[in-house]
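The sequence shown begins at 0 in numbering that gives the first Met the number 0 and counts up by one. Comments concern the structure below.
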Amino acid sequence: MTREVVVGAAQLGPIGRAESREEVVERLLTLLRSAAERGCDLVVFPELALTTFFPRWLLDEGDESGLAGDTTELDSYYEREMPNPATQPLFDEARRLQIGFHLGYAELTPDGHRYNTAILVGPDGDVVGSYRKVHIPGHERHEPWRQFQHLERRYFEESPDGFGVHEAFGGVFGMAICNDRRWPETYRVMGLLGVEMILIGYNTPLNYAPDPSQNPLQAFHNHLVMQAGAYQNGTWVVGVAKGGVEEGVESLAQTAIIAPSGQIVAQATTIGDELVTATCDLDMCDRYKKTLFDFDRYRRPEMYTLLTSTTGPQALVEADPDAAEHA
Ligand code: ING
């Protein structure tokens, strides 16, 4: 019996700064109900799916030492518990429809830690697992030269937990968030844990201020990294965007469901709220995990020592002091 999971990648269009949780949850419920009509077992929502991408603004009066002053608006973008009154209708409807879901949101813990978080919820409405973003991009301090800020490193701490996998929907599921998808280690760590489907939400502005030459390559890089990660680890990858022009910032859509072969089996054709579905056979993973990417047979971790030290010429010198002369 094949282990097929019908997946709904629920892309979101822009979420306005003033849009309430209740208004957003209504949009999520619409996508969830469409997913039920299309026979989905699992719905995947984007990163920070409950609010606008608020790291694009400086929202406190702090300096380099950290947040300070009135953080009322900033704090309003975080969830203090999950589920909570605003999101309970999503959990209730998912349970009624017997559909699981993945949801990204900003987490403020009782002891004051701030994380960019995602959860995986099973068809019975229970949280199967949670994940906090490991690779936090952007910058810590206000940089007035930018058209818009990317203050994730001001508003979120890096995950203290790392990556994990969870038994769910008849297979092995993992999570990553946005910038994580650009790092090969993200996929390999979970690949070594036997992951069969990685769920990734993202908010990706088309304009990358530190190097605008990358702007025309955003769509290419987006699929490049997820297709490579899928293929090199024999796993499905589901990448789900919050796209469109959100508070004046044009963000990449391009939601896609990618097979362990690296092939895109379904992708979004709009930049708004759109449900992209595919029937994913988890047994397809072994066609790569048990052949080309049989890690136990072919992988050489003893040869990869530089992965545990600094990279680049410095590491080369450490490995072979004479190498620097003809590097
Ligand atoms: N966003 C972006 C991402 O990694 C970024 C950061 C923007 C990188 C534009 C490159 C270009 O997709 C998040 N939220 O990580």
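Glycine included, every Cβ here is placed at the ideal spot set by N, Cα and C. Given the structure is predicted, the values throughout are model-derived calculations rather than measurements.
(request) Report the residue from 270, 233, 48 whose alpha carbon sits nearest the alpha carbon of residue 189. (result) 233
(request) In the DSSP assignment, find the unbroken alpha helix (DSSP H) run with residue 25 in it and report its ends. (result) 20-36
(message) If you measure between the beta carbons of residue 257 and residue 218, is that distance less than 8 angstroms?
(response) no
(request) Measure from the alpha carbon of residue 109 to the alpha carbon of each residue in 77, 125, 277, then state which is nearest. (result) 77
(request) Compute the minimum distance between the beta carbon of residue 154 and the heavy atoms of ligand 1, and state whether it is under 7 angstroms. (result) no
(message) Let me confirm a value: residue 325 is counted as buried when at least 16 other C-beta atoms fall within 10 Å, else exposed. Which label applies?
(response) Here residue 325 scores only 48 on pLDDT, less than 50, and its place in the model should not be relied on; the value that follows carries that caveat. Exposed, because fewer than 16 other Cβ atoms sit within 10 Å of the Cβ of residue 325.
(request) Give me the Cβ distance between residue 176 and residue 236, rounded to the nearest whole Å; I'm assuming they're in contact under 8 angstroms. (result) With 8 angstroms as the limit, residue 176 and residue 236 do not qualify as a contact, their Cβ atoms being about 13 angstroms apart.
(request) Over the uninterrupted alpha helix (DSSP H) stretch that includes residue 229, give me the two end residues. (result) 217-232
(request) Examine ligand 1 and report whether any of its heavy atoms sits within less than 7 angstroms of the Cβ of residue 50. (result) no
(request) Give the range of the beta strand (DSSP E) segment to which residue 100 is assigned. (result) 99-107
(request) Below 8 angstroms CB to CB, which residues in the same chain sit around residue 138 once its five sequence neighbours on both sides are set aside? (result) 148, 149, 150, 152, 153
(request) May I ask you to check if the CB of residue 296 is nearer than 7 angstroms to at least one heavy atom of ligand 1? (result) no
(request) Closer than 8 angstroms by C-beta to residue 126: which residues in its own chain qualify, once you throw out the five before and the five after it? Chain order, please. (result) 81, 118, 119, 120
(request) Check whether the segment 30-46 touches the segment 261-271, counting contact only when three or more Cβ pairs, one atom from each stretch, lie closer than 8 angstroms. (result) no
(request) Grab me the residues of residue 213's own chain with a C-beta within less than 6 angstroms of its C-beta, minus the 5 sequence neighbours each way, in chain order. (result) 207
(message) Please tell me whether, using a cut-off of 7 angstroms, the distance from the CB of residue 181 to the nearest non-hydrogen atom of ligand 1 is below it.
(response) yes
(request) May I have the straight-line CA-CA distance separating residue 285 from residue 231, to the nearest angstrom? (result) 12 angstroms
(request) With DSSP collapsed to three states, give me the class of residue 39. (result) coil
(message) If the criterion is Cβ atoms closer than 8 angstroms, does the pair residue 187 and residue 224 meet it?
(response) no
(request) Can you give me the Cβ contacts of residue 66 inside the same chain, cut-off strictly under 6 angstroms, excluding the 5 residues immediately before and after it? (result) 59
(request) Using a threshold of 8 angstroms, state whether the C-beta atoms of residue 201 and residue 158 are closer than that. (result) no
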